[in-house]
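Chemist: Here numbering that gives the first Met the number 0 is used: the first residue of the sequence shown is 0, the next is one more, and so on.
Even glycine gets a Cβ: it sits at the ideal position worked out from N, Cα and C.
The structure follows.
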Amino acid sequence: MRVSKEKAAENREALLQAASRLFRQKGIDGVGVAEIAKEAGLTHGALYAHFSSKDELAAAAFSYGFAGNMNDTREWVGDRSLGFTDYLDGYLSPYMRDKVETGCPMAASASEIGRQDSAVSESFKRAFEEMATMLEDSLEDTIPQTQKRRLAIAAAAAEIGGIAVSRAVAKADATLADEVLEAIRATFAAAPKWRRRTPDRP
């Protein structure tokens with residue numbers, strides 16, 4: 000039976016949701032296409048009607064998950080003009096660390112992306128550049144452009160790595176896990192030229 004365009008779009012969305020959640024929770028190498036299809040309520044055939052391989056699905060699911068996180072960030076920001084430290088405070092939080100299946104896919108998958116197909120690496124690269132650009136835009140205009148980009152890249156890498164390390168030690172030492180996040184926030188907040196937290200933040 001021929002599937003309508005609307006139903007096909009729904010099936011694709013279900014597959015992306017399931018893959019994005021499972022990849023963050025179990026890792027890309029820890030999940031097979033059968034489990035993803037089952038989680039989405041679909042068959043193998045339905046999955047391969049949309050994605051030619053697991054690598055293609057992984058790349059699409061990574062982009063899908065990151066876009067969802069960015070939309071959440073934009074809704075949180077709203078009309079406010081947030082500063083650099085606001086973004087770090089929001090990202091480097093116990094909430095972001097503990098919500099693995101809905102948190103940032105970069106923090107969940109960074110350690111295994113290098114072992115994946117080039118398309119997955121490309122999706123990660125685009126997401127990282129978007130995060131770095133957002134941070135760069137939050138820095139004071141008085142900072143030279145080259146330095147702004149360098150600082151933004153360093154902060155984006157520290158955010159992703161900080162969440163990953165905090166998760167890695169959380170079961171063994173919850174206090175250390177929190178200290179990891181606080182140490183990164185405090186280090187970047189101490190930089191004198193960076194835009195301060197805005198007064199309209201709730």
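With E178 as the anchor, note down where its alpha helix (DSSP H) starts and where it stops.
Modeler: It spans A173 to A188 - the alpha helix (DSSP H) in which E178 sits, taken as one unbroken run.
Chemist: Given that a residue counts as buried once 16 or more other Cβ atoms are within 10 Å of its Cβ, and exposed if not, what is T84?
Modeler: Buried, by the Cβ-count rule.
Chemist: Give me the Cβ distance between G82 and S137, rounded to the nearest whole Å; I'm assuming they're in contact under 8 angstroms.
Modeler: With a Cβ gap of about 6 angstroms, G82 and S137 count as contacting.
Chemist: To the nearest angstrom, report how far apart C103 and M130 are at their CA atoms.
Modeler: Spanning the two alpha carbons is a distance of roughly 11 angstroms.
Chemist: For R166, which residues of its own chain have a beta-carbon under 6 angstroms away from its beta-carbon, when the five flanking residues on both sides are left out?
Modeler: Counting only Cβ-Cβ distances below 6 angstroms, and skipping sequence neighbours, we find R96.
Chemist: Do three or more CB pairs link the region 119-128 to the region 139-146 at distances below 8 angstroms?
Modeler: They do not touch, by the three-pair rule.
Chemist: Between A58 and the rest of its own chain, which residues show a CB-CB distance below 6 angstroms, the 5 nearest in sequence each way excluded?
Modeler: Counting only Cβ-Cβ distances below 6 angstroms, and skipping sequence neighbours, we find A118, V119 and S122.
Chemist: Determine, using beta carbons only, whether S108 and F22 come nearer to each other than 9 angstroms.
Modeler: Their beta carbons are under 9 angstroms apart, which means S108 touches F22 by this criterion.
Chemist: Consult DSSP for R149 and reduce its assignment to one of helix, strand or coil.
Modeler: Three-state DSSP puts R149 in a helix.
Chemist: Tell me where the alpha helix (DSSP H) around V32 begins and ends.
Modeler: Here the alpha helix (DSSP H) through V32 covers V32 to A39.
Chemist: Please classify K98: is it buried, with 16 or more other beta-carbons within 10 angstroms of its beta-carbon, or exposed?
Modeler: K98 should be labelled exposed.
Chemist: Could you spell out where the alpha helix (DSSP H) holding R23 opens and where it closes?
Modeler: Here the alpha helix (DSSP H) through R23 covers K4 to K25.
Chemist: Within a Cβ cutoff of 6 angstroms, which residues of the same chain sit near R20, ignoring the five residues on either side of it in sequence?
Modeler: The answer, listed in chain order, is E100.
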